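Q:
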Amino acid sequence: MNRKDRTHRLSCLARMAWAGFVLATMSQVALAAVDHIEVIDRKPYQDGKVFPGVGTYEVIHGRAWFKLDPGNKANARIVDLRYAPRDSEGRVEFSTEFVLLRPTKAVDSTLLYDVNNRGGRVSGILNLAIDPTKTPPFVDTGFLQRNGFTVLASAWQWDIKPEGPDDHPLVFTPPIATDHGRVITGKVANEFTVDKPSDTASFTGIDGRAYPVAVKDDPLAVLTVRARPGDPRVPVQRSLWGFVPATDSHASTQLRMQDGFKPGLIYELTYIARDPYIVGTGIAGIRDLLSWFRAHPFAGAPAPKRVLLFGASQTGRLIEQMLYDGFALDEQQKLVFDGALNLVGGSGRGSFNHRFAFPTRAASLVLDRDYPTDLFPFTTGEEHDSISQQTGSLLARARDANGKSPKLFFVNKSTEFWGRSASLLQTLPDGSADVTTDPNTRLYLLTGMQHLLTPDPTRGSTVNCSDPIDDIPSLRALLTDLDRWVRNEGTPPASDYPTLAGGMLVSATRYRQLFPKGIGLTPPDKPFVPDRMDFGPRFASQGIVDRLPPARDQPYTVLVPAPDKDGTDSTGLRPVEVQVPLGTYTGWNQRSAASGLGWALDRFEGSFQPFARTEAERKSAGDPRPSLEVRYASRAAFIEKTRSAANKAVAAHELLAEDVDDVVAMQAAFYDRIMTHSPGDLSCKYLWPDFPQ
Numbered sequence: 006m007n008r009k010d011r012t013h014r015l016s017c018l019a020r021m022a023w024a025g026f027v028l029a030t031m032s033q034v035a036l037a038a039v040d041h042i043e044v045i046d047r048k049p050y051q052d053g054k055v056f057p058g059v060g061t062y063e064v065i066h067g068r069a070w071f072k073l074d075p076g077n078k079a080n081a082r083i084v085d086l087r088y089a090p091r092d093s094e095g096r097v098e099f100s101t102e103f104v105l106l107r108p109t110k111a112v113d114s115t116l117l118y119d120v121n122n123r124g125g126r127v128s129g130i131l132n133l134a135i136d137p138t139k140t141p142p143f144v145d146t147g148f149l150q151r152n153g154f155t156v157l158a159s160a161w162q163w164d165i166k167p168e169g170p171d172d173h174p175l176v177f178t179p180p181i182a183t184d185h186g187r188v189i190t191g192k193v194a195n196e197f198t199v200d201k202p203s204d205t206a207s208f209t210g211i212d213g214r215a216y217p218v219a220v221k222d223d224p225l226a227v228l229t230v231r232a233r234p235g236d237p238r239v240p241v242q243r244s245l246w247g248f249v250p251a252t253d254s255h256a257s258t259q260l261r262m263q264d265g266f267k268p269g270l271i272y273e274l275t276y277i278a279r280d281p282y283i284v285g286t287g288i289a290g291i292r293d294l295l296s297w298f299r300a301h302p303f304a305g306a307p308a309p310k311r312v313l314l315f316g317a318s319q320t321g322r323l324i325e326q327m328l329y330d331g332f333a334l335d336e337q338q339k340l341v342f343d344g345a346l347n348l349v350g351g352s353g354r355g356s357f358n359h360r361f362a363f364p365t366r367a368a369s370l371v372l373d374r375d376y377p378t379d380l381f382p383f384t385t386g387e388e389h390d391s392i393s394q395q396t397g398s399l400l401a402r403a404r405d406a407n408g409k410s411p412k413l414f415f416v417n418k419s420t421e422f423w424g425r426s427a428s429l430l431q432t433l434p435d436g437s438a439d440v441t442t443d444p445n446t447r448l449y450l451l452t453g454m455q456h457l458l459t460p461d462p463t464r465g466s467t468v469n470c471s472d473p474i475d476d477i478p479s480l481r482a483l484l485t486d487l488d489r490w491v492r493n494e495g496t497p498p499a500s501d502y503p504t505l506a507g508g509m510l511v512s513a514t515r516y517r518q519l520f521p522k523g524i525g526l527t528p529p530d531k532p533f534v535p536d537r538m539d540f541g542p543r544f545a546s547q548g549i550v551d552r553l554p555p556a557r558d559q560p561y562t563v564l565v566p567a568p569d570k571d572g573t574d575s576t577g578l579r580p581v582e583v584q585v586p587l588g589t590y591t592g593w594n595q596r597s598a599a600s601g602l603g604w605a606l607d608r609f610e611g612s613f614q615p616f617a618r619t620e621a622e623r624k625s626a627g628d629p630r631p632s633l634e635v636r637y638a639s640r641a642a643f644i645e646k647t648r649s650a651a652n653k654a655v656a657a658h659e660l661l662a663e664d665v666d667d668v669v670a671m672q673a674a675f676y677d678r679i680m681t682h683s684p685g686d687l688s689c690k691y692l693w694p695d696f697p698q
């Protein structure tokens, strides 16, 4: 998405008034770990657009300065904090940039902290609606503003590289650990693939940066290659490759190889790095910024009565890390947020708080399986691992003195059961029984949806057309439910997640047996299954990786939702598109043979296969699924059923009334496109006909 600031500057008079406030704010006595707040800029939002019932919004760009007490028990789990530089008071000082989007007049506003993904500023993902005539194909509905939310985002991640000259991500610069002034070194590993043959390749994660090598050009660095994660690593002769010098002040992130890099192979670079960042201070910065904002009036607005977190994918996993490491509580042991919506985080945490951590890295079926992503415990209820003999809960450190913990929504889609081991949120690690979740937790499966909507009229690097269901209407309803819950204005829908007790969690083998045959989709052999891993004797207690690659023990047991007769998952929060279906929606999509990784599932994509239009077409194709002709007597009947399902979803708090007309219109248009789409046309253009190829 475009991260440019699209608003205009305030008048000189307003700036002069603001300057007086800034001086007053900076002179306040520091509370907790926030030392002071600096305001860099303040602008009207969307040229002063008025949102009915709320008024205008403004964007405040600032910087918060922190001073952490290494002796405070709230900071005990920040890896390497004891090796951080100290000020004259023995505190660890750092700062973070933030962006605050808020109503200009005082209203009863919930503060929504948007845990930004890989440096993005206030994303506003919950505001979006699809408009195929736009580039990018989304419009801003103003949902958050119309409902009076204050939205805050801040820098917390260090390993981010701007995508272009006009890109200005929120990048965090943590303190560097030293051993009483001596440089700290350690082994790091970087797995990567390439999409096409190339003489050079980036060895970092998505938009990633790298730790500097301890010895320039490191002659002892090792580059290996293998076809699959479990294959032996084959070293590449050192004389055939080398580091490409960086063009900025950062460490090199690219390699050059004499014979070139090739698709379909997994490359891994290992070397001795220096100057590890104290990465956990990024999470502490989130914690303490929220603690400060919820306790302080700011620029004429009262402190918010409620604070929610929203994180998706990487940042959903960060929320799980915050809970596990106790960052839900500040230095005074008070909760800093009342609730969180964790979207598509799967079962994982991540490289967010250990020595030489890379936040961009996360384990998948192909890459990064040796990074600490899927670690016990997984559930909000207490669970026991019969293999490792560990007992634990994600919430063991996330409760205040009264035993209160945040209200939590864990929301996954069908894709996360195949690509992010999402069943581990519900079951014991061996898959033998369900785990009773904490009463303040809800688990939801958004049935038939993929990790992220990717409006693309082509197959890209996958075998099947991608899943076209838009998740944003469901997410808006869930955020509203969570906000009502923390306001004590009602309880949200009960958890709706596949369970063993309900017979809706099955093995991949059983899934293949149940999946309908002859519909043009071939189910995969297995999902991503993480292993129990041993990173060495100091990892659990000190966050230091001594074994790289880690030693591996038995894999966890990963299960998937059972399919219905159409092949779509048979449980979960079933959106209107699944309740009144036009085809089969799955959480998996194989990579194409042309990608070189045809043995693997795509990390993010699901699949869609339409129903036959008529019974004659269905019989000719040998498709066991009833045709559209049988399911819906006419176009009008389809629309009537769709609207009825949408209205029922509103009554169940699974859809907002304001989204009903759009959902019905989108489905009616999709029905029309399918009815004019020839079964002989194997392209995916009918899914997104107005989008460029």
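Sequential numbering of the sequence shown, starting at 6, is according to our numbering. Heads up, the beta-carbon is just placed ideally off N, CA and C, and yes, glycines get one too. Quick caveat: nothing in here was measured; it's all calculated off a predicted structure.
Please determine, among E168, I135, G129, R231, the residue with the shortest C-alpha to C-alpha distance to Q150.
A: Scanning E168, I135, G129, R231 for the CA closest to the CA of Q150 turns up G129.
Q: Start and end of the alpha helix (DSSP H) containing P478?
A: Per DSSP, the unbroken alpha helix (DSSP H) holding P478 starts and ends at 477-491.
Q: Contact defined as beta carbons within less than 8 Å: I believe L334 pairs with V312. What is the distance between those atoms, to the nearest angstrom?
A: Wrong, their Cβ atoms sit about 13 Å apart, outside the cutoff.
Q: Please return the same chain residues whose Cβ sits closer than 7 Å to the Cβ of R243, not counting the five positions on each side in sequence.
A: P224
Q: Based on Cα-Cα distance, which residue from N407, F383, H456, A506 lies nearest to T446?
A: Here the closest residue by C-alpha is F383.
Q: For Y590, which three-state DSSP category applies?
A: strand
Q: If I follow the unbroken alpha helix (DSSP H) through S625, where does it start and stop?
A: 620-626
Q: By Cβ distance, which residues of its chain are closer than 7 Å to P179, with the 5 residues on each side in sequence left out?
A: F99, W163, Y282, I283, V284, T286, G287
Q: Give the straight-line distance between the Cα atoms of T504 and T205, rounded to the nearest whole angstrom.
A: 46 Å
Q: Rounded to a whole number of angstroms, what is the C-alpha to C-alpha distance between V27 and E43?
A: Because the pLDDT at V27 is just 39, under 50, the model does not fix this residue reliably, and the point stays unresolved.
Q: Using a threshold of 9 Å, state whether the C-beta atoms of Q672 and L606 are closer than that.
A: Not in contact: Q672 and L606 (Cβ atoms no closer than 9 Å).
Q: Across which residues does DSSP place F143 in a beta bridge pair?
A: I135
Q: Out of S93, V64, F56, point me to the one whose CA is closest to K701's CA.
A: With the chain running from 6 to 698 in the structure shown, residue 701 is simply not present.
Q: Give me the DSSP bridge partner(s) of S207.
A: Here S207 is bridged, per DSSP, to Q259.
Q: With T467 and Q614 assumed to form a contact (beta carbons below 8 Å), what rounded beta-carbon distance in angstroms separates them?
A: Contact doesn't hold; Cβ gap of about 13 Å is too wide.
Q: Check the DSSP bridge columns for T155 and list the partner residues they point to.
A: L116
Q: Where does W711 sit, in a helix, a strand or coil, going by DSSP?
A: With the chain running from 6 to 698 in the structure shown, residue 711 is simply not present.
Q: Return the bridge partner residues of M538 from the DSSP annotation.
A: R557
Q: Around the Cβ of V239, are there at least 16 other Cβ atoms within 10 angstroms (buried) or fewer (exposed)?
A: exposed
Q: Could you tell me which of I392, V635, R481 sits nearest to F616, measuring between CA atoms?
A: When each option's Cα is compared against that of F616, the closest is V635.
Q: Relative to the C-alpha of V156, which candidate in V176, F143, L105 has its C-alpha closest?
A: L105
Q: Using a Cβ-Cβ cut-off of 8 Å (strictly less than) and excluding sequence neighbours within five positions of T378, which residues of its own chain qualify?
A: R322, G353, R354, G355, S356, R366, A367, A368, P535
Q: Let me check understanding here. Comparing Cα to Cα, which of V59, S612, R630 lies closest to T619?
A: R630
Q: So who's on the other strand from T275, going by DSSP bridges?
A: A194, V227
Q: Between which two residues does the alpha helix (DSSP H) holding F544 run?
A: 544-547
Q: I think F332 touches R292, with their Cβ atoms under 8 Å apart; what is that distance to the nearest whole Å?
A: 5 Å
Q: Using 8 Å as the Cβ pair cut-off and three pairs as the minimum, do the stretch 554-569 and the stretch 413-424 touch?
A: yes
Q: Name the one or two DSSP bridge partners that I65 has.
A: R47, L105
Q: Taking T576 and T452 to be in contact with their CB atoms under 8 Å, please state how far apart those CB atoms are, rounded to whole angstroms.
A: 7 Å
Q: Around the Cβ of V144, are there at least 16 other Cβ atoms within 10 angstroms (buried) or fewer (exposed)?
A: exposed
Q: Going along the chain, which residues of its own chain have a beta-carbon closer than 6 Å to the beta-carbon of D571, five neighbours each way excluded?
A: T589, R630
Q: Find the nearest neighbour of L430 within the set T459, E336, H389, judged by alpha-carbon distance.
A: H389
Q: Determine, using beta carbons only, whether L340 and S410 come nearer to each other than 9 Å.
A: In contact: L340 and S410 (Cβ atoms closer than 9 Å).
Q: With a threshold of 8 Å on Cβ separation, who are the neighbours of G507 within its own chain once the five nearest residues in sequence on each side are excluded?
A: Around G507, the same chain offers T576 as residues with beta carbons nearer than 8 Å, after the five sequence neighbours per side are excluded.
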